[in-house]
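Going down the list, the sequences are from chains A and B. The first sequence lines up with residues 768 to 983 when you count with the working numbering. The second sequence lines up with residues 3 to 225 when you count with the working numbering. Only one structure is covered here, and it is reproduced in the block below.
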Amino acid sequence: MLTISNISCVRGHKPLFTPVSFSLQAGQALHLEGDNGVGKTSLLRIICGLSPADAGEVLWNGTTLNRQHPEVVEAFRTTLCYMGHNLSLKDELTPIENLLFDAQVAGRSLPHEKGMDALRKMGLNNRAYLPLRVLSQGQKRRTALARLSVTAAKLWVLDEPFVALDAQSLDNLRALLANHVQQGGMLLFTSHQAVELSQPNGQHVLDVQPIRLVAA
Amino acid sequence: MIWQAFWAVVQRDLMLAWRRKSEGLSAVFFFVVVAALFPLGIGPELNVLRNIAPGVLWVGALLSSMLALQRLFEADYRDGTLEQMALSPVAMPLLIGAKMLAHWLVSGLPLVLLAPVLGLQFDLSGDALVTLTLALLLGTPILSLVGGVGAALTLGVRGGGVLLSLLVLPLFVPVLVFGAGAVQAQVSGLGVQAHLSILMAMLLPAVFFGPLASAFALRIALE
């Protein structure tokens with residue numbers, strides 16, 4: 768279980784948002800809401816351990832994530848899949864190369880066929896061997912999202928995952944996220960739109976709990 | 003799992019360097035041009051050329067490695083790859099070490115291989131050319147490792163290129179002194195073992211501490 772306890776974040780001597788606390792359990796989805804600049808991305812980065820919090824703590828299964836507990840931090844990272852604004856893709860590589868290298872750098876091996884399946888699910892099977900630089904912004908985003916299909920991580924932390932996607936890709940992504948949560952995964956994401964997570968047939972609509980960040 | 007991730011980073015960076023050939027070649031081209039211009043400017047006086055050869059070739063190697071250093075982490079920082087490395091269950095210093103190895107293979111090893119050819123222009127003897135190659139083989143990895151720390155410290159800083167030079171060039175001085183000194187000693191008929199041993203003594207801690215310090219600096223840059 769991920770627990771966020773009284774986290775606050777200061778930028779330029781000014782707190783971004785009022786201290787926030789919530790917890791995320793297996794099989795649960797949280798939608799982090801808030802106005803532009805309120806600190807949604809900063810909060811996600813704090814949760815992942817990319818930035819330090821100015822107050823409060825992040826706990827994983829009841830243990831604080833900090834340097835005193837390196838084994839817990841390592842376990843947390845094994846279970847975490849983070850997708851930020853920067854997609855961590857190389858323009859000179861093809862989508863399939865990006866997926867395969869990405870998995871290896873994360874310490875996993877990904878069979879080529881499984882990588883191709885992930886791209887197929889995102890509608891990119893006929894773009895798998897083109898350099899990423901020739902793909903559109905939306906197709907690059909779909910390449911990044913294809914990682915979600917092949918990761919073994921239980922906790923998905925996604926910053927604006929619905930941006931720049933066409934209707935079909937949005938449906939695919941919603942179904943992917945819904946499937947992940949239904950199988951006991953954890954999902955924390957930001958979005959400016961109201962989001963409904965469901966399977967393509969409209970069934971099994973998930974209860975997505977909103978968390979509102981309020982400017983301090 | 004750890005070594006799989008290590009070699010994956012090396013392989014990916016080599017593939018990226020192959021597909022961005024102009025970036026890697028510019029540093030090598032700079033080295034060749036600098037080393038080739040000196041004999042043309044100074045003239046065909048062989049004694050003078052033999053005397054200046056170690057310094058010219060080493061300074062050329064050092065400056066060309068500086069050109070490549072600025073790009074060591076920049077692209078990964080901009081596209082979010084460094085964030086993923088920081089979040090990887092594999093220790094970040096190991097992944098950064100892999101990047102430094104790939105950087106040396108692309109920007110340092112070609113200088114080591116080209117140096118004997120360029121040394122011929124300076125009328126260096128066979129033994130001096132061997133010493134030059136050995137000294138560069140030990141010295142250029144230090145440039146990548148120590149320079150990598152500087153590149154990490156100046157990542158995302160405005161005017162980072164100038165700052166990197168100011169930060170790193172003084173640290174390169176011992177490498178330059180003992181690297182060029184080894185070739186000079188060979189040309190003068192003195193023993194070179196002491197110089198090469200000192201270069202090796204500098205390389206070993208750099209291999210251990212370079213990736214550690216760089217990873218620490220990169221985490222600060224990411225914050």
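Here a beta-carbon is modelled for each residue, glycine too, at the ideal position from N, C-alpha and C.
Under the Cβ criterion of 7 Å, R844/A is counted among the residues facing chain B.
Residue pairing of S790/A in beta bridges, as defined by DSSP: T770/A. Under the Cβ criterion of 7 Å, L897/A is not counted among the residues facing chain B. Under the three-state reduction of DSSP, V194/B is assigned to coil, being neither helix nor strand. Proximity to L867/A across P782/A, L886/A, V975/A peaks at L886/A, based on C-alpha coordinates.
For L922/A, the three-state secondary structure derived from DSSP is strand. Residues of the stretch 862–874 of chain A that bring their beta carbon within less than 8 Å of a beta carbon in chain B comprise E864, F868, D869, Q871, V872, A873, G874, in sequence order.
Excluding the 5 residues flanking it on each side, G158/B has same chain C-beta neighbours closer than 7 Å at Y79, A223, in chain order.
In the DSSP assignment, E800/A falls within the unbroken beta strand (DSSP E) covering 795–800.
For V164/B, there is no enclosing beta strand (DSSP E); the residue is found in the alpha helix (DSSP H) stretching over 162–189. As the crow flies, the alpha-carbon of P41/B is around 7 Å from that of F124/B. Per the C-alpha coordinates, the member of V840/A, G794/A, T861/A positioned closest to C815/A is V840/A. Contact of G952/A with chain B is not assigned, every C-beta pair being separated by 7 Å or more.
When P91/B, A63/B, A184/B are compared, the shortest CA-CA separation from A873/A is found for P91/B. Given a length threshold of 4 residues, each whole run of the alpha helix (DSSP H) inside the stretch 909–958 of chain A is given here in chain order: 934–949. Beyond the five residues adjoining it in sequence on each side, L126/B comes within less than 6 Å, by CB distance, of A55 in the same chain, given in chain order.
Inter-residue distance for L96/B and F210/B is about 10 Å (C-alpha atoms, whole angstroms). For D926/A and R908/A, the gap between their C-alpha atoms comes out near 12 Å. Proximity to L48/B across A208/B, P143/B, V189/B, L166/B peaks at V189/B, based on C-alpha coordinates.
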